[in-house]
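Residue numbers (the working numbering): 120 to 350. Here a beta-carbon is modelled for each residue, glycine too, at the ideal position from N, C-alpha and C. All of these numbers come straight from a predicted model, not from anything done at the bench. Working notes for the structure below.
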């Protein structure tokens, strides 16, 4: 009886379980089927392929982690520090710009103060330039006059040379005639002077002879008188 009851329960349990065909049954992950085991036995082991697949998986994981870190870094303190640095640079540039404006204002004030002097200097410079232009024009006129004088002198020298070469005898004769004329005049003048000197010498009488003893006596008397007065 016991055996019959047990057999009945087993039959009921079998009838209650659904019938699954063999094709639908698949091995679980991680479990090797007999066919897979045969293929693994037939194929040689490839450690390099396993290592490369492992490294590629690790690289993929690292890339995904870096992307996550980059996505998280948009709100990290590094961005705030970067913004603070940019703001600091902007403030420094504003300070430099204000300093440049101040310097520009000072320069504009100096230029405004020096503007009358600059105007006077420009007027003086214009006057100086006008004077230089006038001097240049005067120099040109002088050069023109010098050229004309040089041309006139060249022509005069040329004509004088022609005259001297054409009439040397006439000029020599004229010179000799003038020299003889003045020679006669000088002779007459010297003769008249000689006659006048002779007449004057004859009219002048010689001085009387000097008595030296009398002069000695007079000198002795004067000496005694001077000695007496000095006492």
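message: Please classify residue 336 as buried or exposed, where buried requires at least 16 neighbouring CB atoms within 10 angstroms.
response: exposed
task: Could you pull the start and end residues of the alpha helix (DSSP H) that residue 330 belongs to?
output: From DSSP, residue 330 is part of no alpha helix (DSSP H); its letter is neither H nor E.
query: DSSP on residue 157, reduced to helix/strand/coil?
result: Unreliable positioning characterises residue 157 in this predicted model, as indicated by a pLDDT of 49, which lies under 50. A coordinate reading is not provided.
- request: Using 10 angstroms around the beta-carbon of residue 153, count the other beta-carbons present and answer buried if the total reaches 16, otherwise exposed.
  value: Since pLDDT at residue 153 reaches only 47, below the 50 mark, its modelled position is unreliable, and no value is offered.
task: Can you tell me which of the three DSSP states residue 315 falls into?
output: helix
query: Given residue 357, which residues of its chain have a CB within under 8 Å of its CB, disregarding the five upstream and five downstream residues?
result: Lying outside 120 to 350, the shown extent of the chain, residue 357 is not represented and no answer is given.
- request: Classify residue 286 as helix, strand or coil using the three-state DSSP reduction.
  value: coil
query: CA-CA distance, residue 214 and residue 221?
result: 11 Å
field: Through-space distance from residue 205 to residue 229, alpha-carbon basis
entry: 36 Å
task: Give me the Cα-Cα distance between residue 280 and residue 294, rounded to the nearest whole angstrom.
output: 18 Å
- request: Give me the Cα-Cα distance between residue 252 and residue 290, rounded to the nearest whole angstrom.
  value: 51 Å
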